[in-house]
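Remarks on the structure that follows.
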Amino acid sequence: MPNWPDWFQEALRQRFYQLELSSEQNASCSSEDKNLFTQMDQFKMNQDKDIQQLLSEWEEAIGYQLSQDKQSIYMEGVKDGIRLILPVIQPTNIR
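Take -17 as the starting number for the sequence shown in our numbering and just add one per residue.
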């Protein structure tokens, strides 16, 4: 998106963040997911403070990477959508 204006790129990012937040709020965790989170929390609590800090930093890094991956996929979808719609909305040369 190097040729797109900064305001447009920022608008797309903000829309992505809204959709991601909505998705996370509406996601229902399965009992298996809840069990996994509970086990991870219990594991962390049984570690010393340094290990807890490392695990928290690791979780944060993984969360950030997942968010970046989702954003990249979202932006590719936007690009694909624009590529599909531009020929429809742009005037064509009639010969």
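For glycine and all other residues, C-beta sits at the position ideal for the given N, C-alpha and C. Predicted model only: the values in this text are computed from it and were never measured.
Does DSSP put Arg65 in a helix, in a strand, or in coil?
As a first step, residue 65 must be located in the sequence shown, where it is residue number 83. The answer is helix: DSSP assigns Arg65 an H, G or I state.
Which of the three DSSP states is assigned to Ala9 in this structure?
Here residue 9 refers to the residue found at position 27 of the sequence shown. In the three-state reduction of the DSSP assignment, Ala9 falls in the coil class.
From Trp(-14) to Asn8, what distance separates their C-alpha atoms?
For this step, residue -14 is matched to residue 4 along the sequence shown. For this step, residue 8 is matched to residue 26 along the sequence shown. Those two C-alpha atoms are separated by around 32 Å.
Secondary structure at Tyr(-1), three-state DSSP: helix, strand or coil?
In the sequence shown, residue -1 corresponds to position 17, counting from 1. DSSP, read as helix, strand or coil, puts Tyr(-1) in helix.
On the three-pair Cβ rule with 8 Å, is the segment 9 to 27 touching the segment 64 to 74?
no
Give me the Cβ distance between Glu2 and Ser49, rounded to the nearest whole Å; I'm assuming they're in contact under 8 Å.
For this step, residue 2 is matched to residue 20 along the sequence shown. For this step, residue 49 is matched to residue 67 along the sequence shown. 7 Å between Cβ atoms; contact.
Are Pro(-6) and Val70 closer than 8 Å when you measure CB to CB?
Locating residue -6 in the sequence shown gives position 12, counting from the first residue. Locating residue 70 in the sequence shown gives position 88, counting from the first residue. The question names Pro, but residue -6 is Leu in the sequence shown. Using a Cβ distance threshold of 8 Å, Leu(-6) and Val70 do not count as a contacting pair.
As assigned by DSSP and simplified to three states, the class of Gln35
One-based indexing of the sequence shown puts residue 35 at position 53. Three-state result, Gln35: helix.
Would DSSP call Asn(-15) helix, strand or coil?
For this step, residue -15 is matched to residue 3 along the sequence shown. In this structure, Asn(-15) counts as coil in the three-state DSSP scheme.
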